[in-house]
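Worksheet: the structure to be examined is printed underneath.
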Amino acid sequence: MGVEVNITYETLFEFLRREKGRAEIQELEDTFYEDVVSYIKDKETIVATSQTTEERTRNQIQLDNTKKIFADLYAKRETKIIELALIEVKTHAPISTAALLAEERHLFQRLVDDLKQVRESVLQRIIAARLPQLYAQSPHPSFSHPSSGTEAEESASFGEPITYVFVRFLTDVPRFLGEDLEVHGPFKEGDMASIPADIARVLIARDHAKEIEKQPL
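Structural data, given as structure tokens:
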């Protein structure tokens with residue numbers, strides 16, 4: 094005995110109509126995605142086994158319309174989920190996700206986490222008269238930070254102290270924004286300066302600078 098399919102073209106259209114007509118996200122069965130996949134597979138089989146061109150064309154049109162209805166329904170729910178995530182981040186009040194499917198709850202939580210992180214990195218830092226953390230990039234388009242996990246974690250940690258390296262510049266280097274969010278440079282060949290260690294490593298690796306020991310005063 095085959096698996097019972099709970100979705101039809103008519104019910105899917107009704108879900109879309111209801112989702113568009115109401116402000117709150119509508120509850121669906123936990124097996125909704127599975128049911129839609131089963132229905133689409135069945136329709137594809139019907140199209141492939143249609144006996145006449147007219148029958149095949151009619152079934153193909155309904156299959157195409159089914160996919161479009163589902164895409165519209167998905168987009169409408171996606172928009173509502175984004176709005177819910179924004180509300181939770183702005184109000185700091187937990188939002189009920191009871192009406193969301195498992196995949197949608199995962200999307201919702203990812204959105205909330207990302208929005209909170211960006212707000213802390215941009216909004217809160219600007220209010221505190223500090224540049225956004227996202228702007229602390231490499232000193233020059235041709236320079237890139239090392240991609241090792243340890244160093245990536247170091248640059249992402251706000252609270253860790255920043256270490257400096259004293260270097261002599263072997264080439265001219267334009268000014269750049271360091272991880273300390275201070276502007277350094279520009280530097281000419283032969284100049285010496287203390288710069289953040291992560292930038293120093295990049296410059297040294299690319300033969301733009303050389304680490305030197307500070308001479309005692």
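Per my numbering, the very first residue in the sequence shown carries number 94; after that it's consecutive.
Just so you know, even glycine gets a beta-carbon here, dropped at the ideal spot from N, CA and C.
Residue pairing by DSSP places Ser287 opposite Phe259 in a beta bridge. Proximity to Thr138 across Pro187, Gln153, Thr256 peaks at Gln153, based on C-alpha coordinates. Here Lys113 has Lys169 as same chain residues with Cβ atoms under 7 Å from its own Cβ, once five neighbours each way along the sequence are excluded. Taking a C-beta distance under 8 Å as the contact criterion, Leu204 and Ala186 do not qualify as a contact pair. Per DSSP, Ala164 is one residue of the alpha helix (DSSP H) stretching across 146-184. Following the DSSP letters along the chain, one finds Ala195 inside the alpha helix (DSSP H) bounded by residues 195-211. Beta-carbon to beta-carbon, Ala302 and Phe262 are separated by about 5 Å, close enough to satisfy the 8 Å threshold. 8 Å or more divides the Cβ of Ala293 from the Cβ of Val266. Leu200 places its beta carbon 8 Å or farther from that of Asp123. Distances from the CA of Thr172 to each of Glu282, Val295, Ile118, Leu105 were compared; the closest alpha carbon is that of Ile118. In this structure, DSSP gives Glu306 a state outside helix and strand, which the three-state scheme calls coil. Within the same chain, Ile162 come within 6 Å of Leu105 by CB-CB distance, once the 5 residues on both sides are set aside.
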